[in-house]
Amino acid sequence: MFYSQKHLLQIEGLHPPEIGYLLDLAESYVLLNRSGKAQRDLLRGRTLINLFFEDSTRTRTSFELAGKRLGADVINMSVSTSSVNKGETLLDTAATLNAMHCDLLVVRHGQSGAPRLLAEKVDASVINAGDGTHEHPTQALLDALTIKRRKGRIAGLTVAICGDIAHSRVARSNIHLLATLGAHVRVVGPPTLVPPEAALWGTEVFHDMVHALEGADIVMMLRLQRERMSRGPVPSEREYFRFWGLDFKKLAAAKPDALVMHPGPMNRGVEIDSAVADDPRRSVIREQVEMGVAVRMAVLDTLSRGPGRNAI
Ligand code: ASP
Ligand code: CP
């Protein structure tokens, strides 16, 4: 089996063996990272450019760490101090980076579809690090790796994705990945934050947290992404927490061994109570971050070998 593509732009359309290939390779990187022997030469002489038009802590840092652990030259382009501020377009910026013979271009952008547009114009392999409300494929892969390592499987699990579904690229990528691997996916949130098309994605739609969490194996919380809301459809943070925020009372509806996840950044007291977020028996939020480095190493490793050369 192969991961047969030059880029990683979205989870939608990937086949189970392709996802399985990336997760298996990431698993080997978890072990390597934990052994402390992660420094390798696989990407020596290759250049990775991180091009982030939106804020990031986890994704940008873990791509940087992943690239360095594999021996690549890593450049973090600071968009806020770049010539984008002088009016240079996205495509001209990409063409400029392309002329420097970059091999891997990691892109985060506020517009859905921006990484795909770049992929059509540059020679490098493009990795989508989050585009608008569209997708965040490496987040879904790291979430899947976290679940698989903890639960031993993904097929047959019930996963409740909670909160601001409408503005979440994390939700979209996770829905595609989890459904492709055979999980039952539920989405829950206020009617204004669950898009009508959610039912068409093969999910069960709920507007009541306790019903949505009943019997769930995984509870995945999402931040209110105010930066993407044109008008505030949510009453107040206090009221939001009362109905949609995860505390131990609501979590009691899920299975006793249900895991709590959050892609980060968290807004404590808005979508999640600190006591739940920090409970090591239930919360795997820090582990998700660790898996992020391994997944990104697996993705860089795979794409650097080129399409069709990634046999399992
Ligand atoms: N960090 C994730 C993203 O960039 C989730 C979030 O920002 O709430 O999509
Ligand atoms: N989960 C995630 O993408 O975090 P950052 O926005 O900090 O990269």
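Position in the sequence shown counted from 1, then plus 9, gives you the working numbering. Even glycine gets a Cβ: it sits at the ideal position worked out from N, Cα and C.
| request: Pick out the complete beta strand (DSSP E) segments inside the segment 35 to 104, 3 residues or longer, and give them in chain order. | output: Counting only runs of 3+ residues, the beta strand (DSSP E) found wholly inside the segment 35 to 104 occupies 56 to 61 and 82 to 87, in chain order.
| said: Do residue 51 and residue 128 count as a contact pair if the criterion is CB distance below 8 angstroms? | reply: If you number the sequence shown from 1, residue 128 lands on position 119. If you number the sequence shown from 1, residue 51 lands on position 42. In this structure, residue 51 does not lie closer than 8 angstroms to residue 128 by Cβ.
| query | What did DSSP end up calling residue 239 once you bin it into helix, strand or coil? | reply | For the purposes of this step, residue 239 is identified with residue 230 of the sequence shown, where counting begins at 1. Residue state, collapsed to three classes: coil.
| task | Identify whether residue 167 lies in helix, strand or coil by the three-state DSSP scheme. | result | As a working mapping, residue 167 is identified with position 158 in the sequence shown. Residue 167 falls in the strand class under three-state DSSP.
| task | State the Cα-Cα distance for the pair residue 191 and residue 299, rounded to the nearest angstrom. | result | Mapped onto the sequence shown, residue 191 falls at position 182. Mapped onto the sequence shown, residue 299 falls at position 290. Each residue's Cα considered, the two are about 24 angstroms apart.
| Among 118, 84, 89 and 314, which residue has its Cα nearest to the Cα of residue 100? | What you label residue 100 is simply residue 91 of the sequence shown in a count that begins at 1. That would be 118, whose Cα lies nearest to the Cα of residue 100.
| said: Is it buried or exposed, residue 257, if we count other Cβ atoms within 10 angstroms and call 16 or more buried? | reply: What you label residue 257 is simply residue 248 of the sequence shown in a count that begins at 1. Flag for residue 257 reads exposed.
| query | Residue range of the alpha helix (DSSP H) that residue 188 falls in? | reply | Taking the sequence shown and counting its residues from 1, the one referred to as residue 188 is at position 179. Start and end: 178 to 189.
| request: Give me the Cβ distance between residue 296 and residue 232, rounded to the nearest whole Å; I'm assuming they're in contact under 8 angstroms. | output: Here residue 296 corresponds to residue number 287 of the sequence shown, with the count starting at 1. Here residue 232 corresponds to residue number 223 of the sequence shown, with the count starting at 1. Contact flag wrong, Cβ pair sits at about 18 angstroms.
| message | At the 8 angstroms Cβ level, is residue 192 part of the contact set with chain D, yes or no? | response | Here there is only one protein chain, and chain D is not present.
| query | Going by the beta-carbon positions, is the gap between residue 57 and residue 116 smaller than 8 angstroms? | reply | On the sequence shown, residue 57 is found 48 positions in, with the first residue counted as 1. On the sequence shown, residue 116 is found 107 positions in, with the first residue counted as 1. Cβ distance not < 8 angstroms, so residue 57 and residue 116 don't count as in contact.
| Per the contact definition of three or more C-beta pairs closer than 8 angstroms, is the segment 198 to 212 in contact with the segment 167 to 175? | yes
| query | Excluding the five sequence neighbours on either side, which residues of its own chain have a C-beta within less than 6 angstroms of the C-beta of residue 234, listed in chain order? | reply | Position 225 of the sequence shown, counted from the first residue, corresponds to residue 234. So the list reads 173 and 176, once near-sequence residues are dropped.
| field | Within 8 angstroms, strictly: CB atoms of residue 185 and residue 197 | value | Here residue 185 refers to the residue found at position 176 of the sequence shown. Here residue 197 refers to the residue found at position 188 of the sequence shown. Taking 8 angstroms as the Cβ cut-off, residue 185 and residue 197 do not qualify as a contacting pair.
| request: May I have the straight-line CA-CA distance separating residue 168 from residue 92, to the nearest angstrom? | output: Against the sequence shown, residue 168 aligns to sequence position 159. Against the sequence shown, residue 92 aligns to sequence position 83. Taken atom to atom, the span from the alpha-carbon of residue 168 to that of residue 92 is near 43 angstroms.
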